[in-house]
Amino acid sequence: AKTDSPPFFEEINTSDLAFHWKSYALQHACTETFRRDGDAVAQAMLKEFHALGDEGGAQQRVVKAVKAACGIAKTCRSHRAKV
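Mind the numbering: the sequence shown is residues 31 to 113 in the numbering used here, read in order.
Here it is, written out as structure tokens:
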């Protein structure tokens, strides 16, 4: 089910007692995505960032550009095809 709230992500995930497997899986998937398609994502991000011009603040433009650019990675495209 789709919700408006962001998913829980444990940034400090080093404890053996409270290891959060879902956070680890997300981190691993993102690392693999950027390892495989990082250059293409970076180019698309820069293109989108410049296309946004002065719309909003720099941080807002970065977030919008990253959201748009990450969708070109093979991993993201295959996930969208399944959903």
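For each residue, glycine too, the CB sits at the ideal point set by N, CA and C.
Note that the structure is predicted; figures quoted are calculated from it, not measured.
So, at 8 Å on beta carbons, what are the nonlocal neighbours of residue i in its own chain, with the 5 sequence-adjacent residues on each side left out?
i	result
Arg107	Gly101
Ala59	Thr105
Ala72	Ala99
What do you reckon, are the CB atoms on residue i and residue j nearer than 7 Å?
i	j	result
Asp69	Lys104	no
Met75	Val96	yes
Might you give, ordered along the chain, the residues of its own chain that have their beta carbon closer than 6 Å to the beta carbon of residue i, omitting 5 neighbours on each side?
i	result
Glu78	Ala95, Ala98, Ala99
Val63	With the sequence shown as reference, residue 63 is identified as Thr, and Val is not the correct amino acid for it. Answer for Thr63: Ala103, Thr105, listed in chain order.
Once the 5 residues before and after residue i are set aside, which same chain residues still bring their CB inside 7 Å of it?
i	result
Asn43	Phe49, His50, Ser53, Tyr54
Let's see if you can read the secondary structure: which residues bound the alpha helix (DSSP H) around residue i?
i	result
Ala140	In the structure as shown, the chain starts at 31 and stops at 113, and residue 140 therefore has no counterpart that could be examined.
Ala48	Taken as a continuous stretch (DSSP letters only), Ala48 belongs to no alpha helix (DSSP H), as it is neither H nor E.
With respect to 6 Å, is the separation between the Cβ of residue i and the closest non-hydrogen atom of the ligand GDP below this value?
i	result
Glu78	This structure simply doesn't include the ligand GDP, nor any ligand for that matter.
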